[in-house]
Every structure is written in structure tokens, then in C-alpha cells.
Amino acid sequence: MAPEKLVYMANQIARAFAHLPNDQAAKSVAAHIDAFWDPRMRAMLLERVEARDPEIDPRVRRAAEQVRPPQTA
Numbered sequence: 003m004a005p006e007k008l009v010y011m012a013n014q015i016a017r018a019f020a021h022l023p024n025d026q027a028a029k030s031v032a033a034h035i036d037a038f039w040d041p042r043m044r045a046m047l048l049e050r051v052e053a054r055d056p057e058i059d060p061r062v063r064r065a066a067e068q069v070r071p072p073q074t075a
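Next comes the structure, spelled out in C-alpha cells:
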């Protein structure tokens, strides 16, 4: 999947939780990504966050700190 699509999807998730306080929104975004995204998707998102992709919503950046990193073999 294209990195731009993953960023778009993560931003959509963040918008869905925008009504929550920042800490709870970040926790909810991270929980959703952990539950429904496969490890490759999580890895790609974390790479985009680390690269400081300007398109990433600030709530996604906060959530990335809590996203479960993919297992490495």
C-alpha cells in the first residue's frame, strides 16, 4: 500500500476521535491501528512519522508513540 494512503487512513481515524481529549484520542487511535492494521502497515506508518511527513495529523503523531511496533524476525 502506498505511504500516502496509509497517512490518509490514519488521519481519518484521528478525525473520528477528534471529539475526545488529546490524550484519549491518541490512545484510541493507537488502539484502533494496533487492532486492525497488519504489521507492515504499522511499520510503514511509523516510518512516515519518523520521517516527519507533514501530512500526518498531530493526533496521529501522538498516537504513534503508543502504537505497538511490528515484531522483527
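When you read off a place in the sequence shown, starting at 1, and then add 2, the result is the number in my numbering.
By construction, the Cβ of each residue, glycine as well, lies at the ideal position given by its N, Cα and C atoms.
A quick note: this is a predicted structure, and the numbers were derived from the prediction, not measured.
Residue burial classification, residue i (beta-carbon count within 10 angstroms, cutoff 16)
i, result
"Ala53", "exposed"
"Met18", "For clarity, residue 18 is Ala in the given sequence; the question names Met instead. Answer is exposed; the Cβ neighbour count stays below 16."
"Ala20", "exposed"
"Arg44", "buried"
"Ala75", "Its pLDDT being 48, under 50, Ala75 is placed unreliably in this model, and the value from its coordinates should be taken loosely. Exposed is the call here."
Short Cβ contact (8 Å threshold) for residue i with residue j
i, j, result
"Val69", "Ala32", "yes"
"Val62", "Asn13", "yes"
"Val9", "Glu57", "yes"
Alpha carbon of residue i to alpha carbon of residue j, nearest angstrom
i, j, result
"Ala65", "Met3", "20 Å"
"Arg42", "Asp59", "20 Å"
"Gln26", "Ile15", "13 Å"
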